[in-house]
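Chains as they are written, first to last, in our numbering: chain A, 116 to 229; chain B, 64 to 178.
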Amino acid sequence: AQSVTQLDSHVSVSEGTPVLLRCNYSSSYSPSLFWYVQHPNKGLQLLLKYTSAATLVKGINGFEAEFKKSETSFHLTKPSAHMSDAAEYFCVVSPNTGGFKTIFGAGTRLFVKA
Amino acid sequence: DAGVIQSPRHEVTEMGQEVTLRCKPISGHNSLFWYRQTMMRGLELLIYFNNNVPIDDSGMPEDRFSAKMPNASFSTLKIQPSEPRDSAVYFCASSFSGGGSDTQYFGPGTRLTVL
């Protein structure tokens, strides 16, 4: 069975300060993990993904995430927030092997204050 | 590449009417997904096609919903009859192979309002 939990429904940061969006997962299989971003009235766009290669994954727009198997976490970080980062972020888990069942987290809305 | 194309972008209809949402996946992708997004339930996978064949439709809410993929470049999601609780944003996504590690590419969505 698979599940994904985004620990914060809302995160608010000031422009120029670090961003941390937390995600924990559960998977019976070796998982692939993704972060997608959704800007208002837009579709989802891939930020980055982990597929059992390097545990530190770099994505677009300065975001990165670290896969920590011992903690079953895949937290998303960015050193310095920009106003354009304000959006909703989804953590996603999917099995690497056999069948297909992508599970989306509930989302974390990021607010960036000037 | 035009990306995933969905039409219409907005649809307003009255309860009981038939609604058809359309999707054109990215050329060369052989997997297609329909999702529904609401404030209450978040993003839900409705159905997944691979090589035009429905693989998993366990997320389709009830018999009023049906989806087809007659060829590799076109899919429809139909609701008949529509109800106010069907109001949501419906997304179509496609991926190269449908494997678990594949990136899904999302369309802009269709915002459906059922009065």
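C-beta: ideal position from N, C-alpha, C; glycine also.
Query                                                                                                                               : Result
Nearest candidate by alpha-carbon position, reference residue 180(A), set 226(A), 117(A) and 147(A)                                 : 147(A)
CA nearest to the CA of residue 66(B), picked from 173(A), 159(A), 171(A) and 118(A)                                                : 159(A)
Residues, ordered as in the chain, of the region 157-173 of chain B that lie near chain A by beta-carbon distance below 9 angstroms : 161, 162, 163, 164, 165, 166, 167, 168, 169, 170, 171 and 172
Alpha-carbon to alpha-carbon, residue 90(B) and residue 168(B)                                                                      : 12 angstroms
Interface flag, residue 210(A) vs chain B, CB-CB below 7 angstroms                                                                  : yes
Straight-line Cα distance separating residue 162(A) from residue 169(A)                                                             : 16 angstroms
Residue 70(B), enclosing beta strand (DSSP E) - first and last residue                                                              : 68-70
Residue 119(B) - containing beta strand (DSSP E), residue span                                                                      : 116-119
Per DSSP, the bridge partner or partners of residue 105(B)                                                                          : 101(B)
Segment contact flag, the region 128-146 of chain A with the region 130-150 of chain B, C-beta cutoff 8 angstroms, min 3 pairs      : no
Exposure label - residue 149(A); buried when at least 16 CB within 10 Å                                                             : buried
Exposed unless 16 or more other CB atoms sit within 10 angstroms - verdict on residue 72(B)                                         : exposed
Residue 165(A): first and last residue of the uninterrupted beta strand (DSSP E) it sits in                                         : 159-165
C-beta contact flag for residue 151(B) and residue 96(B) at 7 angstroms                                                             : no
For residue 68(B) and residue 198(A), the rounded distance between their alpha carbons                                              : 28 angstroms
CB of residue 142(B) within 7 angstroms of CB of residue 82(B), strictly                                                            : yes
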